[in-house]
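The block underneath contains the structure these notes are about, expressed in structure tokens.
In my numbering, the protein residues as written are 239 to 293.
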């Protein structure tokens with residue numbers, strides 16, 4: 239699996255596609271409010287829950 243240092247929807251989609259190879263079924267992702275994460279998951283038709291980032 240390759241990790242990308244940039245935060246954009248295209249790199250995120252590629253990362254998610256790779257991660258899905260290790261999942262059973264269609265997982266629900268938990269993401270912060272980064273717009274590229276939401277966009278990538280929506281483009282791939284995957285469910286997600288958006289939660290604010292907490293430290």
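Just so you know, even glycine gets a beta-carbon here, dropped at the ideal spot from N, CA and C.
If you're wondering where the values come from, they're calculated on a predicted model, not measured in any experiment.
- By the neighbour-count definition (other C-beta atoms within 10 Å, threshold 16), residue 248 is an exposed residue.
- Of the candidates 273, 281, 282, 273 places its Cα closest to the Cα of residue 288.
- Residue 285 and residue 265 have their alpha carbons spaced roughly 7 Å apart.
- Short of 8 Å from the beta carbon of residue 281, and not among the five residues preceding or following it, lie these beta carbons of its own chain, in chain order: 247, 251.
- Bounds of the beta strand (DSSP E) holding residue 288 are 286-288.
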